[in-house]
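In this text, residue positions in the sequence shown follow this note's numbering: the first is 179, and each later residue adds one.
One structure below.
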Amino acid sequence: MRPQILALLAGLEAEHGIRILYACESGSRAWGFPSPDSDYDVRFVYAHPAEWYFSVEDLKDTIEKPVSDLLDAGGWELRKALRGLRKSNATLFEWLQSPIVYREAEGFGDAMRELMHAYFSPRAVVHHHLGLVRKLWLEVGPATADLRLKTAFYLLRSLLSAAWVLEKGTLPPMAFEPLRPLIRDPDLARLVDRWLAQKAASDERTRVPLPGPFRAFIEGGVALCETHAQSAPVNQNGPEPLNEFFRQMILLPHDH
Numbered sequence: 179m180r181p182q183i184l185a186l187l188a189g190l191e192a193e194h195g196i197r198i199l200y201a202c203e204s205g206s207r208a209w210g211f212p213s214p215d216s217d218y219d220v221r222f223v224y225a226h227p228a229e230w231y232f233s234v235e236d237l238k239d240t241i242e243k244p245v246s247d248l249l250d251a252g253g254w255e256l257r258k259a260l261r262g263l264r265k266s267n268a269t270l271f272e273w274l275q276s277p278i279v280y281r282e283a284e285g286f287g288d289a290m291r292e293l294m295h296a297y298f299s300p301r302a303v304v305h306h307h308l309g310l311v312r313k314l315w316l317e318v319g320p321a322t323a324d325l326r327l328k329t330a331f332y333l334l335r336s337l338l339s340a341a342w343v344l345e346k347g348t349l350p351p352m353a354f355e356p357l358r359p360l361i362r363d364p365d366l367a368r369l370v371d372r373w374l375a376q377k378a379a380s381d382e383r384t385r386v387p388l389p390g391p392f393r394a395f396i397e398g399g400v401a402l403c404e405t406h407a408q409s410a411p412v413n414q415n416g417p418e419p420l421n422e423f424f425r426q427m428i429l430l431p432h433d434h
């Protein structure tokens, strides 16, 4: 699939007249719990030639490219991405931590990760992950006896990410594996081990019983995180480092 993805990225550059600065895998393949039929979620950051930015209009700053049931790509224009960094956008933070990188302009990832740490706002990231958990849990419903295995891991990953920030005060890892020690109940940890093995061998539609301890872990974890979320620090750094980096990047020759 990698050659197909690289060809897709090159095609997007030619089609839109852009320069892709960074492209990675997002979703379950990067998180570490893919199923055999998991799709490929390619995400990228791109820049236009300098003259594109001299416009009185607000121009489109995203690109979406669904290719097939197995592959889709989506990108953010550089200025949008840098604005996301300033807002401590957790989705962008995950892209920058992806273990699967398809394309990267020299030094771009390191520079963006340095800015990522400079603009990390614990409260914003906690609220992002709690919002995901609440939305998914509402969809599961209070009387549901089972749920999709995929949903179980989405719930776990987001809840553990919020707990990581509140407990450690640092950016949560993108990968699921480093988050697992935060599951301190041995029985629940063994259940998650079994689910991981099952997910690796089953399709995306597979459902599993929703045991009481899992429900209690999610609901109790959300309540605990909500209690502490408002006391989490807020980043108040100004925009000048982002502005400087932005100017450097758009003034590079377009074929750099």
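Quick reminder that beta carbons are idealized off the backbone N, C-alpha and C, glycines included.
- Can you tell me whether K346 is buried or exposed, with buried defined as 16 or more other CB within 10 angstroms of its CB? exposed
- Message: Give me the residue from A289, A208, R180 and S213 with the minimum Cα distance to R385.
- Response: S213
- What is the residue span of the beta strand (DSSP E) that I241 lies within? T240 to S246
- Message: Can you list, in chain order, the residues of its chain with a C-beta nearer than 8 Å to that of Y200? Leave out the 5 residues immediately preceding and following it.
- Response: F222, V223, W273, L274, V279, R281, E282, A283, F286, G287 and M290
- Identify the continuous beta strand (DSSP E) that holds S204 and give its terminal residues. R197 to S204
- Message: Which residue wins for smallest C-alpha separation from E418, given the options E382, R264 and R326?
- Response: R264
- Task: Inspect the CB distances between the region 357-365 and the region 291-305 and report whether three or more fall short of 8 Å.
- Result: no
- Around the Cβ of F232, are there at least 16 other Cβ atoms within 10 angstroms (buried) or fewer (exposed)? exposed
- For S409, count neighbouring Cβ atoms within 10 angstroms of its own Cβ and tell me buried if that reaches 16, exposed if not. exposed
- Does DSSP put V309 in a helix, in a strand, or in coil? It is Gly, not Val, that sits at residue 309 in the sequence shown. It is helical.
- Query: What is the residue span of the beta strand (DSSP E) that G252 lies within?
  - Reply: L249 to E255
- Task: Mind checking who R221 pairs with in its DSSP beta bridge?
- Result: C202 and G252
- Task: Return the CA-CA distance between R383 and A340, expressed in angstroms with no decimal places.
- Result: 26 Å
- Query: To which residues of the same chain is R335 closer than 7 Å at the C-beta, ignoring the five residues directly before and after it?
  - Reply: W209, F354 and L357
- Take the Cβ of V246 as the centre, count every other Cβ of all protein chains shown within 10 Å, and call the residue buried at 16 or more, exposed below. Checking the sequence shown, residue 246 turns out to be Ser, not Val. Per the 10 Å Cβ criterion, exposed.
- Note the first and the last residue of the continuous beta strand (DSSP E) segment covering P387. R385 to P387
- Distance, D365 Cα to S436 Cα: In the structure displayed, the chain extends from 179 to 434; residue 436 sits before or after that span and is not available.
- Would you tell me roughly how many angstroms separate the C-alpha atoms of A192 and I198, rounded to the nearest one? 10 Å
- State the DSSP-derived secondary structure class of D437, mapped to helix, strand or coil. The chain is shown from 179 up to 434; residue 437 falls before or after that span and cannot be answered.
- Query: Where are the alpha helix (DSSP H) runs, 4 residues long or more, that stay fully inside the region 286-342, in chain order?
  - Reply: 286-297 and 300-318
- Message: Using a 10 Å radius around the Cβ and a threshold of 16 neighbouring Cβ atoms, would you call G399 buried or exposed?
- Response: buried
- Cα-Cα separation between L388 and L316, rounded to whole angstroms: 14 Å
- Item | Cα-Cα separation, W373 to F392 | 12 Å
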